[in-house]
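In this note's numbering, the protein residues as written are 295 to 480.
Here is the structure we will look at.
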């Protein structure tokens, strides 16, 4: 039996957390959730940006197949700022393969295929040996194009997959087998 001066609910015998300790835990969990959400968003945007690399390489392969048959590359776009399947790539996917204009017809001749809608717009210019003059090459790339001894092509992809107004840009060409990018995942 308890002595008369102690009650069963004496505060010195109770165990628990103070309000300050609980608030500290809530703040820490909130910070961790924010970091996790930002990391997840970057991961998703990085996965979406892999589409551009895959498509630039697919366009490169289609151009090489076209050249094997015709001894030249197909000039699909008039300039590198003339994107297909959409003129203004944004955060929403656009169906590949539609359209009846000349650019859509040339894309069908090149026979570039994809499994579905795409986040990026693509442009391809090609030319004969000699000086490489390309209109619409984004100045963010800051590249000097070499004198071409053979037929050539350049592919540019543009997208804004997170919708913040800063585009991701990808560049491939017959001069190199690498894909270059600026602002990946933007």
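We put the beta carbon where it would ideally sit given N, CA and C, even for glycine.
As DSSP reads the structure, residue 447 sits in a beta bridge with 420. A Cβ-Cβ contact shorter than 8 Å links residue 347 with residue 464. The three-state reading of DSSP puts residue 340 in helix, counting H, G and I together. Check the Cα spacing between residue 418 and each of 476, 353, 460: the tightest is with 353. The three-state secondary structure of residue 430, taken from DSSP, is coil.
Checking the DSSP bridge columns, you'll see residue 467 partnered with 448. Per DSSP, reduced to three states, the secondary structure at residue 415 is strand. A Cβ-Cβ separation of about 6 Å places residue 368 in contact with residue 400 under the 8 Å criterion. In the structure shown, residue 370 adopts coil according to DSSP, grouped into three states.
Assigned with DSSP and collapsed to three states, residue 390 falls in coil, not helix or strand. Leaving aside the five residues that flank residue 425 on each side, the residues in its chain whose CB is nearer than 7 Å to its CB run, in chain order, 441. Residue 360 sits buried, since 16 or more C-beta atoms from the chains shown fall within 10 Å of its C-beta.
Residues of the same chain with a CB within less than 6 Å of the CB of residue 357, apart from the 5 flanking positions on each side, are 367, 447 in chain order.
Distance from the CA atom of residue 364 to the CA atom of residue 405, rounded to whole angstroms, is 14 Å. For the pair residue 310 and residue 383, the Cα-to-Cα distance works out to about 55 Å.
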